[in-house]
Each structure stands twice: as structure tokens, then as C-alpha cells.
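*Asks:* I'd like to ask you about the structure that follows.
Numbering (this note's numbering), first residue to last: 245 to 587.
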């Protein structure tokens, strides 16, 4: 009889223990993105960001990471994967679907951004005013940008504005491709994972990306000349979004929503922007150690580039106005917010 009672107690304890575990792990969220796991964003942003949320949720939120498009599809499909529930959370570029998310394009205009953390915080503040409608199909966790964008080109590369003429250069979004065209290049749009192959095969002669990304994709081995830009405002940057399936977010209890909310917006955006720019210096060292050419555009030559890029801003403002959006106000607000967060 005693043995039966003990057995029943053990079974009951096991069942209760299982119930506690089940209660402790209320939701598992799948994060899908296109970079390999060792790259900066998955390793230094998404992993610590998700671990912080797991801890603050008391283990009730768990994450599964799927790098390098492991859940299928191509990078331009990621936003719709979040919208449709293929993934719970995605990290991607809104600009991979040209013209669809015009509200954030202002931050990709030439000579707009300062540094990645400040510009990312400005972007999240700006988005609360201008981007609700265009991103209504998902729950946006954060927007951010990368560090100062620059040129990586084969051979002697680009040392002055005239060197851009006719060069086949890859750009990530329509705004950046438009800038390349205005500067004299032949822009070729493609997602980042396709760049190494395109460089190897001669499909493109170079690409625009920040230093940070060059290590993961061995750009310093595939190009010879890297062109940086002086001044307080970078040649360009690209906008990224961390977006969650709306129904999944809405299904969470209020306390778990709060954990996510506390780790969203300017905090998460600034975090992602900061870690990206912090990795610029080590990546630059790789190119320097290889004795690659590192060129810096400054002074009167820099002003020539700024003058050549001005029509890109004017064209974007006119396009937004034609859509019934306050184009110039969007530019002015973006600049003011960047200045505010850059202090």
C-alpha cells in the first residue's frame, strides 16, 4: 500500500513538474533572416537581444534562430513571411521590395545619416509619425540603419567623381541605386548574398556596403579599392526592419507584450545600429592588412559629390508630393531628428 502511495506521489510530482515547465515556456518565436549565423547582426544583435527578452520574460518567451534563409524563400520575401506567419519575426530591408515602403526611404537619401546609433534612434522616432500605414500588416519591433556606406570596387576603383562613370555597381535599394545613377554609375540591384558571386563572375565591378559587412562576404578579397567619405554625413545608409507577425504579437498576454515593447523601438534600433558600426573598424583592418587601396573623399571633391547627389533628394520629395505625402516635411523632420539624436 505504501509503495502504491509513493508511486502515486511521484507520478503526481512529475505531472506537476511538467505543468510548470509547460507554463514557463508559453511561446516560441521563430526569427528568420538572410545573413549567416556568424555575421554581426545575428551574432551581436539578434542573439543577445533575444536572450535578454528570454531572461526578462522568466523563460516564458523562447526564440529559434533561422539564419541564411533556412525557412526557405529569397530575402525580398522576408517581409511577407512575417505578414503571412511563415516566420514569427524577420529581419530584412524594406527596400528589397522597391517603392513599397517609401516612408523610410528618406533615411537612405545621400548625405543624410551621421552615425548608425543616432540615425537609428531618429528613424524609430520618425516612423511613429509617418510609417504606421505602410507597415500596418506587421508589428514593427524596430527600425535601424548600418554604419557609413561606402564603395568597394575592383582594380583602381573610385578616387574622384569621374571614376564612377559607367561602372557597374550593386546597390541594395531603389533610392541608393538612384543615387549611383546620378553619380554616373550603372546601378545593378541585388540582395547582399548575391554580391560575392556577382563580383567573381564580373556581373558587377563593385558594390556599396558599409565596412562591417565586408568580412562575412569576403569583399576585401574580391575588390581592391575602398572609397570612404569624410564630413559629418555619410554618402548613404540602408534601412532595416525587425518585424513580427501581427497575429502572433496580438496573441501574447499583456505582460509578455510589455517585455517585447520594452526591448523594441529606439532601444533595439540603436542597439543594432551601434553593433553594426562598431564592427566597421575590424573589417577595415582586414582590407588594410591585405594592402588594399583605401581612398578618402574630402574637401572640394566631397562637395562635388554632394552637389551631384542633390537631384536625388529633390526627385524623392517630388515623388512623395505626387503621392499626397509631405515630401519636404519628411526630409526636414528626418534631418532634425538625426541632428537631435547625434548631439
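Even for Gly, the Cβ is constructed at its ideal location relative to N, Cα and C.
Beta-carbon separation of residue 364 and residue 516 under 8 Å?
*Replies:* yes
*Asks:* Going by CA-CA distance only, name the one from 434, 289, 334 and 304 that's closest to residue 316.
*Replies:* 334
*Asks:* Out of curiosity, what's the CA-to-CA distance linking residue 587 and residue 476?
*Replies:* 12 Å
*Asks:* Taking Cβ to Cβ, would you say residue 471 is nearer than 8 Å to residue 520?
*Replies:* no
*Asks:* If the criterion is Cβ atoms closer than 8 Å, does the pair residue 368 and residue 345 meet it?
*Replies:* no
*Asks:* Does the segment 296-315 come close enough to the segment 453-464 that 3 or more CB-CB pairs lie under 8 Å?
*Replies:* no
*Asks:* Under a Cβ-count criterion, where at least 16 other Cβ atoms within 10 Å of its own Cβ denotes burial, should residue 328 be classed as buried or exposed?
*Replies:* exposed
*Asks:* According to DSSP, simplified to helix, strand and coil, what is residue 531?
*Replies:* helix
*Asks:* Measure the beta-carbon distance from residue 398 to residue 468 and round it to whole angstroms, keeping in mind my assumption that it falls under 8 Å.
*Replies:* At roughly 6 Å, the Cβ-Cβ gap stays under 8 Å, so residue 398 and residue 468 are in contact.
*Asks:* Would a C-beta distance cut-off of 8 Å place residue 451 and residue 390 closer than the cut-off?
*Replies:* no
*Asks:* Under a three-way DSSP split, which group does residue 497 fall into?
*Replies:* Of the three classes helix, strand and coil, the one that applies to residue 497 here is coil, per DSSP.
*Asks:* DSSP beta-bridge partners for residue 335?
*Replies:* Answer is 486.
*Asks:* If we define contact as Cβ-Cβ less than 8 Å, is residue 486 a contact residue for chain C?
*Replies:* Given the protein chain composition of this structure (a single chain), no chain C is represented.
*Asks:* One question on the structure: do residue 504 and residue 285 come within less than 8 Å of each other, judged by their Cβ atoms?
*Replies:* Their beta carbons are not under 8 Å apart, which means residue 504 does not touch residue 285 by this criterion.
*Asks:* Give a yes or no on whether the C-beta atoms belonging to residue 282 and residue 460 are separated by under 8 Å.
*Replies:* Contact flag set, yes.
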